[in-house]
Amino acid sequence: MVGPPEDGDGAFLERIGFPGEPPFTRGIQPTMYRGRLWTFRQYSGFGSASATNRRFRYLIDRGQTGLSIAFDLPTQNGYDSDHPRAKGEVGRCGVPVASIGDMRTLLAGIPLGEATVSMTINATAPILLALYVAAAEEGGVPRAKVAGTVQNDVLKEYVARGTYIYPPAASMRLAVDVIEFSTRELPRWNPISISGYHMREAGATAAQEVGFTLANAIAYGRAAKERGLDVDEFLPRLSFFFSCDIRFLEEVAKFRAARRLWARLAREVLGARRARSQQLRFHTQTAGSTLTAQQPELNVVRTTVEALAAVLGGTQSLHTNALDEALGLPTEPAARLALRTQQILAEESGVPNTVDPVGGAYEIEYLTDRIEGEARTYLERIEGMGGAPRAIERGFYSAEIGREAYRVARAREDGSETVVGVNAFREGRPGFSLFPGTRRSSAGQRIDPAEERRQIARLRRERGARDGPRAQGALDRLRRATDAGENVLPPVLDAVRVGVTLGEISDVWRALFGEQPAARAF
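The following block contains the structure:
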């Protein structure tokens, strides 16, 4: 265990390190939030591109400093809004974006040369990135000024979310295409956000979240090196995405352990030479799995505790969940309250005024060491299996996460783990609203079914108005480039500019790569 030593504060500080210095246990910047606050990046997307654009503008007007786009399931799975498999899902859990027209509408009036935009998209990441770049360039924003992040982390899809399309080797090839293109063409763009969030939501422990996420990062790093990219050129562009759960001290320590461990892995395993290449930069979202439909007003407290842990852990950007997300998509008042929670932490709490205020605390340092040690053990086991893709294929991640999820479910069922309002201190019923004038509801934000019909009509008009031969020629060029092993981003950019849709591009790759059947998923 780590505790205050007997040889004085100076020696202790030297042992745990300083903020802004490798291995970055105490933060990646020497002044942390005294120099710059984290980015307030609220996740939004629903209904239609125009409805989501209105929500973005609403949040920007109220102080949001970064956009984060949620896409609907058809978009995530490579289907246009009018595909039979998209029926009933268009705009339900995110925004539908099937064409350059949708992207133009989504981003209308947003200063793309100033705002940073994060897109939570994986299997279809090359297409959404191309649509974004094309829309920005149409608006007069050159590639050199396009700033943001695309998630592009397909490995965790085979473990925790399931929105993969192609077999793993093809999916990895497309992910590395995005990394390569961004490294060479988009100097302000982060081409991948390696995500532990979804594995944590599926039931992973803090140590599993760190170990599995960093193992996946090593796999992407090795693949990029095999492509011929210089490690010190692309590693500073990698970002990470973690959950922040309700276990306050453990979560603070988790972020510190992840930073320290990644600094060593980047240097020792991937061969990073520069200090910046060893920095773990990450976005955090408060834990959706801790939100409850029972007494949902209590979710404000949970989210505040989790957001404070993320700030004390040194996050670079943060999304705070809305209190009604256990009931449905967040309503506008709930989204505003979630944003205001971050603003109170930033402006009123005083926490950002001290760099790493918890550094040196006995329990924090003990937990940091413990989580790092447990995560290292997982990394060694994964490496012994041949790396992350092989370990995922063998079902190792899923089995470990499944055991923990089962343990937690049983503990909550028998009452040995308390969830206030669910298995203790119960009263009321789901759907209670804090906001005057709003009715009790079990659905939260409702999506008008007419939005789907309007989206389909818009998409079909856009297809009908395009130059058909040019669109077909662009698809033919994409097919040849993909088959020849070329980077797919240039031909995808050409295709979306002439009106080729997301589903049409995805179908080209389905024909070339095949699809990964759900029954055979890792």
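Count along the sequence shown from 1, add 3, and you get the number used in this note's numbering. Where is the CB? At the ideal position from N, CA and C, for every residue including glycine.
Using a Cβ-Cβ cutoff of less than 7 Å, which residues in the same chain neighbour Val255 once the five nearest sequence positions on both sides are dropped?
Same-chain partners within the cutoff: Ala312, Leu315, Gly316, Val361, Ile367.
How would you write the range of the alpha helix (DSSP H) that Ser401 sits in, first residue to last?
It spans 399-417 - the alpha helix (DSSP H) in which Ser401 sits, taken as one unbroken run.
Closer than 7 Å by C-beta to Ala226: which residues in its own chain qualify, once you throw out the five before and the five after it? Chain order, please.
Counting only Cβ-Cβ distances below 7 Å, and skipping sequence neighbours, we find Met175, Val179.
Take Val511 and list the residues in its own chain whose beta-carbon comes closer than 8 Å to its own, dropping the five residues that flank it on each side.
Cβ neighbours of Val511 beyond the five flanking positions: Leu478, Leu481, Arg482, Thr485.
Apart from the five residues just before and just after Arg60, which ones in its own chain have a Cβ nearer than 8 Å to its Cβ?
Excluding positions up to five away in sequence, the list reads Gly112, Ile113.
For Ser196, list the residues DSSP reports as bridge partners.
Ser242, per the DSSP bridge assignment.
Is Ala73 helix, strand or coil when you go by DSSP?
In the structure shown, Ala73 falls within a strand segment according to DSSP collapsed to helix, strand and coil.
Jot down the residue ranges of each uninterrupted alpha helix (DSSP H) in the segment 276-317, minimum 4 residues, whole runs only, in chain order.
Counting only unbroken stretches of 4 or more residues, the alpha helix (DSSP H) elements lying wholly within the segment 276-317 are 302-315, in sequence order.
Here's the rule: buried if 16 or more other CB atoms are within 10 angstroms of the residue's CB, otherwise exposed. What is Arg263?
Buried is the call here.
Which value, in whole angstroms, describes the spacing of the CA atoms of Phe428 and Asn302?
For Phe428 and Asn302, the distance between alpha carbons rounds to 14 Å.
Leaving out five residues on either side along the sequence, give the residues of the same chain with a beta carbon under 8 Å from the beta carbon of Thr344.
Residues of the same chain with a CB within less than 8 Å of the CB of Thr344, apart from the 5 flanking positions on each side, are Val303, Thr306, Thr307, Ala310, Thr323 in chain order.
Using a 10 Å radius around the Cβ and a threshold of 16 neighbouring Cβ atoms, would you call Asp540 buried or exposed?
The first residue shown for the chain is 4 and the last is 525, placing residue 540 beyond what the model contains.
In terms of residues, what are the limits of the alpha helix (DSSP H) holding Tyr381?
Note, Tyr381: alpha helix (DSSP H), 365-387.
Assuming Gly471 is part of the alpha helix (DSSP H), what are its boundary residues?
Element bounds for Gly471: 471-486.
Measuring alpha carbon to alpha carbon, tell me which residue in Ala222, Ser51, Ala126, Leu505 is nearest Asp451.
Out of Ala222, Ser51, Ala126, Leu505, Ser51 has the C-alpha closest to the C-alpha of Asp451.
Nearest residue (CA-CA) to Arg29, options Gln45, Arg259, Glu236:
Arg259 is the residue among Gln45, Arg259, Glu236 whose C-alpha sits nearest the C-alpha of Arg29.
Name the residue from Glu183, Ala218, Arg187 whose alpha carbon lies nearest to the alpha carbon of Glu229.
Ranking Glu183, Ala218, Arg187 by Cα distance to Glu229 puts Glu183 first.
Helix, strand or coil for Gly2 per DSSP?
The requested residue 2 does not occur in the structure, where the chain is confined to residues 4 to 525.
What's the call for Asn193, buried or exposed, on a 16-neighbour Cβ count within 10 Å?
With 16 or more other Cβ atoms from the protein chains shown falling within 10 Å of its own Cβ, Asn193 counts as buried.
Is the segment 145-160 touching the segment 186-203 in the sense that three or more CB pairs, one from each, lie closer than 8 Å?
Flag = yes, the segment 186-203 and the segment 145-160 touch.
By a C-beta neighbour count over all protein chains shown, 10 Å radius and 16 as the cutoff for buried, is Tyr409 buried or exposed?
Burial call: exposed.
On the DSSP bridge assignment, give the partners of Ala341 in chain order.
For Ala341, which the question treats as bridged, DSSP gives no partner whatsoever.
Tell me whether the segment 88-98 and the segment 33-44 touch, counting them as touching only if at least three CB pairs, one residue from each stretch, are closer than 8 Å.
No, the segment 88-98 does not touch the segment 33-44.
Can you tell which of Gly476, Leu492, Thr371 has its C-alpha closest to the C-alpha of Val213?
Residue nearest to Val213 within the set Gly476, Leu492, Thr371 is Thr371 (criterion: CA-CA distance).
In whole angstroms, give me the CA-to-CA distance for Asp64 and Phe285.
Distance between the alpha carbons of Asp64 and Phe285: 25 Å.
Best match in Ser47, Ser242, Leu62, Arg57 for proximity to Asp75 [C-alpha to C-alpha]
Residue Ser47 is the option with its Cα nearest to Asp75.
Ser53 lies in the alpha helix (DSSP H); which residues open and close that run?
52-64 is the extent of the alpha helix (DSSP H) around Ser53.
Within its chain, find whatever has a CB closer than 6 Å to the CB of Ala210; leave out the 5 residues flanking it on each side and keep chain order.
Apart from sequence neighbours up to five positions away, the residues of its chain that approach Ala210 with a beta-carbon distance below 6 Å are Ile374, Glu377, Ala378, ordered along the chain.
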